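Comments concern the structure below.
Spelled out as structure tokens, the structure:
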């Protein structure tokens, strides 16, 4: 598939896909004419990278994390201490963001319940279950 289709399938702009390539987070195959071509594996990779970036992980650490996941998939259990330290440091920030989002979610639910708009909570749960 071409970059436009990859963008459509992942919800990531073509510009951002090119940025991921520049950051060595993604490597496109090339057709004989030099055009980028992508496979289903690229769809998964772009979706994974985008999810990590949206979760607040800096791209420099996304690269480290993806490389570590790739190594684990190859059953290569090695993880240099420097990588482990980077990930451990990032984990503290990730947990802080999760805690903040959890408090925000709980506050919103409490507000909707207190204002007698609980039906919106059921709709939210049904929407989430459909995904």
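Residue numbers (the numbering used here): 10 to 140.
Glycine included, each C-beta is placed from N, C-alpha and C at the ideal position.
Computed from a prediction, not measured in an experiment: that's the story for all the values here.
For residue i, three-class secondary structure by DSSP
| i | result |
| --- | --- |
| residue 22 | coil |
| residue 87 | coil |
| residue 64 | coil |
| residue 32 | coil |
Paired residues, beta bridge with residue i - DSSP
| i | result |
| --- | --- |
| residue 46 | 38 |
Endpoints, the alpha helix (DSSP H) within which residue i is located
| i | result |
| --- | --- |
| residue 132 | 127-139 |
| residue 102 | 90-123 |
| residue 78 | 68-82 |
Candidates the options: closest to residue i by CA position
| i | options | result |
| --- | --- | --- |
| residue 10 | 28, 52 and 109 | 52 |
| residue 90 | 54, 138 and 98 | 98 |
| residue 65 | 138, 104 and 129 | 104 |
| residue 79 | 125, 67, 139 and 54 | 54 |
| residue 106 | 16, 63 and 12 | 63 |
Take every Cβ of the region 15-31, pair it with every Cβ of the region 55-68, and state whether three or more of those distances are shorter than 8 Å.
Yes, since at least three Cβ pairs between the region 15-31 and the region 55-68 fall closer than 8 Å, the two stretches touch.
Taking three-plus beta-carbon pairs below 8 Å as touching, is the region 60-80 in contact with the region 40-50?
no
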